[in-house]
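J.: My questions all concern the structure below.
What follows is the structure in structure tokens.
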């Protein structure tokens, strides 16, 4: 049996409301909130970045993994589109921080919002093939939304970490499927600070096509139908897309609910479906099957079917629950402070 | 060990001295000391300077300043102990004469802090703290003393009023010192409404950035007598260090290095604090003065603030502290401060302090306490007039 | 800041590695060659705990250049649950709401950003303990 042996998330404390952003750009807040099904998003302070969020998420994953000695982690993969360095891995810092160095493989992944699920796929594969004992996969971001652009309302920050292994499994990986084509719906050229996107082109030919493609393929592969799953977690660029794809595929609101965090979290990009999965695991029961389908622009989706084991009852509260990190002890920011935190204000070098 | 006396003192005006370089400032003070002493040669010279390197890119100050002082081939050196560099220079000179190694030694101090801008000065000063575990994490000097202030207030109930009393007193004294950087009085309200730097310390709780120099000439008592100078003997010298990082110390409401250095000085002098008439102490921040007075045994732990508030350390009080105006009003050119404190002690013992700040009680024994960083090093000297 | 200076402190700043004197049990952070308490020269590696209590703090309003964007920020000294004391910034907290005695947790944070092109410095900060 191979699967998740430890999981954890980390979300920063600050938030900004849709109204606060809308008023600066003269947009109609109620229609954005309704259209995107989004109320607010998380904002990282300048001392938080993908590396720091990854370290904290990993510490939570290690707590749930029990007596795991970090030196037994054979690989660390971090997927993000906001790695702090363009050249120098995020993974090396995290590995040092948790004491997993030096006998460890490391690579940073990118594929827009599915970089986190890629890391999960690869870590899983290495454990399954017997190459490594434990693999650490992290999806996290502190992504930028261009000022005044639709994506500014949703681009947020957060990370989730998964330790894959074959001992003390919390959720077994039953099936995986990846579906990918070259579809330039959203991209960022080198040296550009903000990404670009194709507006409505990011919908049907991008998010929906690939999510659908991976979901249908994995359900066919596994012989499972939507009603066979306890829960489903989709990539959540806003509140609306996951609800819509869920409906299109035949899932109920109740199945989507526990992993549907975007209305108050925003889009944590590479962290999106991974963090959604941690929130779902937090409330799952032994025997539950969970379908997770990520989506990354460019474009592609990674699908996983997880089956929760008895061990979830022992470990779920060994670290803080994701919903608690999302809902409690939060501070709202005004746009000015948000812009300062997100380095959107031009200063002297 | 021979008896050592201070026979000459010299000091420059402290302040932002744009038109003078570090060399100019030091030589000015040094020549004044030589003239005051009436000596015709020096055997050696020790200069205290915290960091000519970080402020103006200049090290090798012993040689540079001996050269500019016109002292050919002099045995000259620079010593460093952060803000206690001047006191350390004085001690080294004392040891050199007392041991018989030299007869006439100059001890001086100098700092040129304004050729670098505020940010640069802050960076240079931070070198006196633990660079990797205090400064790296965002600690500043006012911040470190503020941490001590908060701890002292929590433990002993020291109040904002008490801190203000120290600033007001020192400015009152400094207003009569023609060499002071800020020779004007301040009010309690003025102190308490000044810009907050690191809570609870406001800008008027903090000593300034200053250019300045001071120098003294030490020699044997025999030579002093031949020069016809008043005999101001160095009867005690104490030197101690403490753990550099505040968080490493057991109790940050007291300054251990001050206590140990003072004990050593008193032992050498065969005196106690009760025998001392006044002192110059290192008031880099108002809270520092309060804690130092407790640590040196003048007031009981926790009672330093109350004593300041009651006026016990004023010119007319039971134990005047910082008749010069202290670092607060006189200024704090880091390396020079220790030497400047000795200049004031000597002036008071000679009866030569300017304007109204000369103590009218005919003081016989004076003390100088010079501290580096957040108390990581301390030099204490006790001088007595014959 | 030059990379070697940052890199050398990683074991202390990233994972709070400390040394426990094999003779008297004194804990030194960072590592030292000789115990400041008893003079013994052998240490056992330990990791510092991540919770503690704030003993003193100050809100820095006039910040050095590396931290001007963060002003006002608070620094404090906390006593960790094993008695070791550390100085760090206090993050995720309204500076006006900090109190001596407050319980804190240690979180991994980016402590300094060296302009647009320098090496990033990571380390520890205190956050109020809320879970």
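Protein chains in written order, with my numbering: chain A, 84 to 432; chain B, 4 to 389; chain C, 795 to 925. Using N, Cα and C, we set each Cβ at its ideal position, and we do this for glycine too. Remember, it's a predicted structure, so these values are computed and weren't measured experimentally.
Spell out a yes or no on whether the region 325-338 of chain B and the region 49-56 of chain B are touching, meaning 3 or more CB-CB pairs, one atom from each, closer than 8 Å.
T.: With a cut-off of 8 Å, the region 49-56 of chain B and the region 325-338 of chain B count as touching, because enough Cβ pairs lie within range.
J.: Any beta-carbon of chain A closer than 9 Å to the one on residue 809 (chain C)?
T.: So yes, residue 809 (chain C) belongs to the interface.
J.: Can you give me the start and stop residues for the beta strand (DSSP E) that residue 154 (chain A) sits inside?
T.: That residue, residue 154 (chain A), is in no beta strand (DSSP E); it is neither H nor E in DSSP.
J.: I need the boundaries of the alpha helix (DSSP H) containing residue 21 (chain B), first residue and last residue.
T.: Here residue 21 (chain B) belongs to no alpha helix (DSSP H), and DSSP marks it neither H nor E.
J.: If you pair each beta-carbon of the region 346-363 of chain A with each one of the region 228-240 of chain A, do three or more pairs fall below 8 Å?
T.: Yes, since at least three Cβ pairs between the region 346-363 of chain A and the region 228-240 of chain A fall closer than 8 Å, the two stretches touch.
J.: Against residue 930 (chain C), what residues of chain A qualify as contacts under a CB-to-CB distance less than 9 Å, listed in chain order?
T.: Chain C is shown from 795 up to 925; residue 930 (chain C) falls before or after that span and cannot be answered.
J.: Just curious, the alpha helix (DSSP H) that residue 906 (chain C) is in, first and last residue?
T.: First-last for residue 906 (chain C): 897-907, but that is the beta strand (DSSP E), not the alpha helix (DSSP H).
J.: Looking at the structure shown, is residue 32 (chain B) part of a helix, part of a strand, or coil, going by DSSP?
T.: If DSSP states are grouped into helix, strand and coil, residue 32 (chain B) belongs with the helices.
J.: Whose CA, out of A:339, A:361, A:230, lies closest to the CA of residue 200 (chain A)?
T.: Ranking A:339, A:361, A:230 by Cα distance to residue 200 (chain A) puts A:361 first.
J.: May I have the straight-line CA-CA distance separating residue 923 (chain C) from residue 402 (chain A), to the nearest angstrom?
T.: Distance between the alpha carbons of residue 923 (chain C) and residue 402 (chain A): 14 Å.
J.: Taking the straight line between their C-alpha atoms, what separation do you get for residue 159 (chain A) and residue 423 (chain A)?
T.: Answer to the nearest angstrom: the Cα atoms are 32 Å apart.
J.: So, under 8 Å CB-CB, residue 161 (chain A) and residue 125 (chain A) are touching, yes? Tell me the CB distance rounded to an integer number of Å.
T.: The Cβ separation is near 18 Å, so there is no contact.
J.: Using C-beta distances below 6 Å, list every residue in its chain close to residue 391 (chain A), excluding the 5 sequence neighbours before and after it, in chain order.
T.: 254, 367, 369, 371, listed in sequence order.
J.: Please name the residue in B:6, B:281, B:292, B:142 whose C-alpha comes closest to that of residue 261 (chain B).
T.: Here the closest residue by C-alpha is B:292.
J.: What is the DSSP secondary structure of residue 67 (chain B), reduced to helix, strand or coil?
T.: In this structure, residue 67 (chain B) counts as helix in the three-state DSSP scheme.
J.: Check whether the Cβ atoms of residue 267 (chain B) and residue 383 (chain B) sit closer than 9 Å, and answer yes or no.
T.: Yes, the pair counts as a contact, with Cβ atoms nearer than the cut-off.
J.: Taking C-beta to C-beta, are residue 215 (chain B) and residue 28 (chain B) nearer than 9 Å?
T.: Against a cut-off of 9 Å, the Cβ pair of residue 28 (chain B) and residue 215 (chain B) comes out as a contact.
J.: How is the beta strand (DSSP E) around residue 795 (chain C) delimited, first residue to last?
T.: Run containing residue 795 (chain C): none; DSSP gives neither H nor E here.
J.: List the residues of chain C that residue 262 (chain B) touches, going by C-beta distances under 7 Å, in chain order.
T.: Chain C residues near residue 262 (chain B): none, gap ~18 Å exceeds 7 Å.
J.: Per the contact definition of three or more C-beta pairs closer than 8 Å, is the region 142-156 of chain B in contact with the region 838-854 of chain C?
T.: Counting Cβ pairs under 8 Å, three or more are found: they touch.
J.: Measuring only between beta-carbons, confirm whether residue 412 (chain A) sits less than 9 Å from chain C.
T.: With 9 Å as the cut-off, residue 412 (chain A) counts as an interface residue toward chain C.
J.: Over what stretch of residues does the beta strand (DSSP E) that includes residue 281 (chain B) continue unbroken?
T.: Taken as a continuous stretch (DSSP letters only), the beta strand (DSSP E) holding residue 281 (chain B) covers 281-283.
J.: Hey, residue 332 (chain A) and residue 357 (chain A) are a contact pair by Cβ (cut 8 Å); roughly how many whole angstroms apart?
T.: Residue 332 (chain A) to residue 357 (chain A), Cβ: 20 Å. No contact.
J.: Just to confirm before moving on: does the CB-CB distance between residue 220 (chain B) and residue 104 (chain B) stay below 9 Å?
T.: Cβ distance not < 9 Å, so residue 220 (chain B) and residue 104 (chain B) don't count as in contact.
J.: Keeping to the same chain, check which residues put their C-beta closer than 8 Å to that of residue 415 (chain A); ignore five residues upstream and five downstream.
T.: If we look at residue 415 (chain A) and ignore the five residues flanking it on each side, its Cβ neighbours are 97, 98, 99, 100, 103, 123.
J.: Check each candidate in A:211, A:280, A:196, A:263 and name the one with the smallest Cα separation from residue 252 (chain A).
T.: Checked all of A:211, A:280, A:196, A:263; the closest Cα to residue 252 (chain A) is A:211.
J.: Can the beta-carbon of residue 359 (chain A) be found closer than 9 Å to that of residue 316 (chain A)?
T.: For residue 359 (chain A) and residue 316 (chain A), yes; Cβs fall inside 9 Å.
J.: In chain A, which residues lie with their C-beta within 9 Å of the C-beta of residue 864 (chain C)?
T.: Those are 128, 129, 130, listed as they occur along chain A.
J.: For residue 13 (chain B) versus residue 43 (chain B), is the C-beta distance shorter than 9 Å?
T.: Not closer than 9 Å, so no.
J.: Of the residues that make up the region 872-891 of chain C, which ones have a beta carbon closer than 7 Å to any beta carbon in chain B?
T.: Going along the region 872-891 of chain C in chain order, one finds 879, 880, 881, 882, 883 with a Cβ nearer than 7 Å to chain B.
J.: Pick out whichever of C:832, C:899, C:831, C:854 has its Cα sitting closest to the Cα of residue 199 (chain B).
T.: Minimum Cα distance to residue 199 (chain B) is reached at C:854.
J.: In chain C, which residues lie with their C-beta within 9 Å of the C-beta of residue 199 (chain B)?
T.: By Cβ distance, chain C contributes 853, 855, 856, 866.
J.: Within the continuous alpha helix (DSSP H) that includes residue 164 (chain B), where are the two ends?
T.: Residues 163-177.
J.: What residues in the region 159-172 of chain A have a beta carbon less than 8 Å from any beta carbon of chain C?
T.: Those would be 167, 168, in chain order.
J.: Taking a cut of 8 Å between CB atoms, which residues from the region 228-256 of chain B lie near chain C?
T.: Of all residues in the region 228-256 of chain B, 246, 248, 249, 250, 251, 255 have a Cβ within less than 8 Å of some Cβ in chain C.
J.: Is the Cβ-Cβ distance between residue 916 (chain C) and residue 807 (chain C) less than 9 Å?
T.: Closer than 9 Å, so yes.
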